[in-house]
Amino acid sequence: MEEGVKKFAKDSGMNVYQKGPSETDATMQAQVIRDLIAQGVSAIGVVPVDPGALEPVLKEAMDAGIVVITHEGASQKNTQYDIEAFNNAAYGGFIMDNLAEAMGEEGLYTTMVGHVTNASHNEWADGGVAHQKEKYPKMKLLEAEPRVESQDDGEVAYQKAKELLKKYPDLKGIMGTSSFDAPGVARAIDELGLKGKVFTAGTGMPSANAAILKSGAVSALTLWDPADAGYAMAALAKKLLDGEKITAPVDLGVEGYKEMKFAEGSDKVLEGSGWIVINKDNVDSFGF
Numbered sequence: 545m546e547e548g549v550k551k552f553a554k555d556s557g558m559n560v561y562q563k564g565p566s567e568t569d570a571t572m573q574a575q576v577i578r579d580l581i582a583q584g585v586s587a588i589g590v591v592p593v594d595p596g597a598l599e600p601v602l603k604e605a606m607d608a609g610i611v612v613i614t615h616e617g618a619s620q621k622n623t624q625y626d627i628e629a630f631n632n633a634a635y636g637g638f639i640m641d642n643l644a645e646a647m648g649e650e651g652l653y654t655t656m657v658g659h660v661t662n663a664s665h666n667e668w669a670d671g672g673v674a675h676q677k678e679k680y681p682k683m684k685l686l687e688a689e690p691r692v693e694s695q696d697d698g699e700v701a702y703q704k705a706k707e708l709l710k711k712y713p714d715l716k717g718i719m720g721t722s723s724f725d726a727p728g729v730a731r732a733i734d735e736l737g738l739k740g741k742v743f744t745a746g747t748g749m750p751s752a753n754a755a756i757l758k759s760g761a762v763s764a765l766t767l768w769d770p771a772d773a774g775y776a777m778a779a780l781a782k783k784l785l786d787g788e789k790i791t792a793p794v795d796l797g798v799e800g801y802k803e804m805k806f807a808e809g810s811d812k813v814l815e816g817s818g819w820i821v822i823n824k825d826n827v828d829s830f831g832f
């Protein structure tokens with residue numbers, strides 16, 4: 545994301561930079577925002593760890609006249625606009641298509657999210673489940689544990705996957721959302737000797753996951769480029785600072801964010817069309 549922020553700073557000549565907590569923690573993130581308010585910045589773009597926990601501090605920012613933009617915070621109340629790379633339910637359905645193909649469109653599966661408080665991760669998972677029910681009737685969600693939490697940590701994803709696979713021997717698939725989920729699950733599948741019997745799909749970077757894609761531990765991953773989201777957040781903030789009225793379609797100057805539309809029933813959430821599929825055949829072609 546910082547690459548996109550720096551690129552926008554260069555393109556616009558504005559002083560745009562990225563700051564964040566040392567850990568993925570809502571309390572620490574709120575403190576970073578308070579520090580920025582105290583510094584008197586003109587705009588803040590944030591990817592909320594926990595939208596609910598950030599409501600008070602983002603209200604403080606808006607009350608201070610600071611432009612607030614969020615990304616992956618569709619449920620955030622105290623923001624002027626939230627940018628999403630895509631419709632969350634549709635993206636979840638896309639991940640489910642990849643998982644269903646790997647599973648042969650049948651069998652027991654569950655879903656994994658980084659944090660149960662992460663609005664977008666849960667919307668992806670919900671979208672995947674809804675898509676499965678509509679399109680893949682021979683697949684079934686694990687009712688006993690329909691959603692597990694990886695804490696955005698590959699080691700936790702690995703441990704949780706091992707526990708699930710030992711506890712539920714009929715489990716055939718795990719749909720991941722966080723970029724740590726599918727790689728962690730794949731490690732568990734490989735360690736337990738279940739490659740070709742249990743499958744996973746989710747979000748992930750090409751360079752970090754080339755080995756597991758080429759080995760077949762994961763058949764496909766999906767992604768959007770965080771650099772583009774960073775650029776888009778900064779571009780939207782500039783439009784607001786310049787006094788522009790935001791009407792769809794919104795062009796934020798980067799591929800996948802050039803014809804953004806408001807989510808159904810919302811005048812705050814802007815959705816793009818920025819997802820890609822990564823597999824063993826194209827994993828080396830992305831350059832990141």
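Count along the sequence shown from 1, then add 544; that gives the number in my numbering.
Note that beta-carbon positions come from the ideal geometry of N, C-alpha and C, so glycine has one too.
Buried versus exposed call for residue i [16 or more other C-beta atoms within 10 Å across all chains shown]
| i | result |
| --- | --- |
| Asp569 | exposed |
| Ala608 | exposed |
| Val660 | exposed |
| Gly557 | exposed |
| Phe638 | buried |
| Lys789 | exposed |
| Pro750 | buried |
| Glu667 | buried |
| Tyr561 | exposed |
| Asp555 | exposed |
| Lys782 | buried |
| Ser566 | exposed |
Closest Cα partner of residue i within the set the options
| i | options | result |
| --- | --- | --- |
| Lys551 | Ala778, Trp768, Leu785 | Ala778 |
| Leu837 | Thr655, Val560, Glu667 | Any question about residue 837 goes unanswered here, given that the chain covers just 545 to 832. |
| Leu709 | Thr721, Ser722, Gln695, Gly728 | Gly728 |
| His615 | Val593, Glu649, His659, Ala605 | Val593 |
| Gly809 | Val660, Ala618, Glu788, Val612 | Ala618 |
| Ile822 | Asp795, Asp769, Thr791, Glu788 | Asp769 |
| Asp670 | Val657, Asp811, Pro681, Lys682 | Val657 |
| Val798 | Ala629, Leu580, Asn826 | Ala629 |
| Ala553 | Gly737, Asp697, Ile820, Ala776 | Ala776 |
| Glu815 | Gly831, Asn826, Thr791 | Thr791 |
| Asp521 | Gly787, Ala752, Asp811 | Any answer about residue 521 is impossible in this case: the structure gives the chain only from 545 up to 832. |
| Asp696 | Gly746, Asn559, Leu736 | Gly746 |
Same chain, Cβ closer than 7 Å to residue i, five either side skipped, listed in chain order
| i | result |
| --- | --- |
| Pro793 | Glu803, Met804, Lys805 |
| Tyr680 | Ala644, Glu649 |
| Met606 | Val612, Asn622 |
| Gly584 | none |
| Leu738 | Leu709 |
Neighbourhood of residue i by C-beta, 8 Å cutoff - its chain only, sequence neighbours within 5 removed
| i | result |
| --- | --- |
| Thr571 | Ala597 |
| Ala688 | Tyr712 |
| Gly740 | Gly760 |
| Ala807 | Ala618, Glu628, Asn631, Val813, Leu814, Glu815 |
CB contact flag (residue i, residue j, <9 Å)
| i | j | result |
| --- | --- | --- |
| Val813 | Tyr625 | yes |
| Leu765 | Asn642 | yes |
| Glu595 | Ala663 | A quick correction: the sequence has Pro, not Glu, at residue 595. Result yes, Cβ atoms of Pro595 and Ala663 sit closer than 9 Å. |
| Ala730 | Thr744 | yes |
| Gly748 | Ala726 | yes |
| Ser586 | Val611 | yes |
| Met545 | Gly774 | yes |
| Asp714 | Leu767 | no |
| Thr721 | His665 | yes |
| Lys716 | Val692 | no |
| Phe724 | Val700 | yes |
| Glu599 | Gln573 | no |
| Lys758 | Lys824 | yes |
| Asp734 | Ile718 | no |
| Leu673 | Met647 | According to the sequence shown, residue 673 is Val rather than Leu. No, they are not a contact pair. |
| Leu796 | Leu780 | yes |
| Gly698 | Asp772 | no |
Close Cβ partners of residue i (< 6 Å) along its chain, the five nearest in sequence each way excluded
| i | result |
| --- | --- |
| Gly564 | none |
| Val590 | Thr614 |
| Lys603 | Asn622 |
| Ile577 | Val601 |
| Leu580 | Ile588 |
| Tyr702 | Gly728, Arg731, Ala732 |
Residue i CB to nearest heavy atom of the ligand HEM below 8 Å
| i | result |
| --- | --- |
| Glu650 | Of ligands this structure carries none, so the ligand HEM is not represented either. |
Tell me the start and end of each unbroken beta strand (DSSP E) in the region 686-722 that is at least 3 residues and wholly inside, in chain order. Listed in chain order, they are 691-693, 715-719.
Kindly provide the ranges of any beta strand (DSSP E) runs that are 3 or more residues long and lie completely inside the region 619-678, ordered along the chain. Within the region 619-678, the complete beta strand (DSSP E) runs of at least 3 residues are 625-628, 651-657.
Could I get the ranges of all uninterrupted alpha helix (DSSP H) runs contained in the region 583-616, with 4 residues as the minimum, in chain order? When DSSP assignments are scanned along the region 583-616, the uninterrupted stretches of alpha helix (DSSP H) that are 4 or more residues long and fall wholly within it turn out to be 595-607.
If you scan the region 753-791 from start to end, which runs of the beta strand (DSSP E) of 3 or more residues do you find wholly inside it? Counting only runs of at least 3 residues, the region 753-791 fully encloses the following beta strand (DSSP E) elements, listed from N- to C-terminal order: 764-767.
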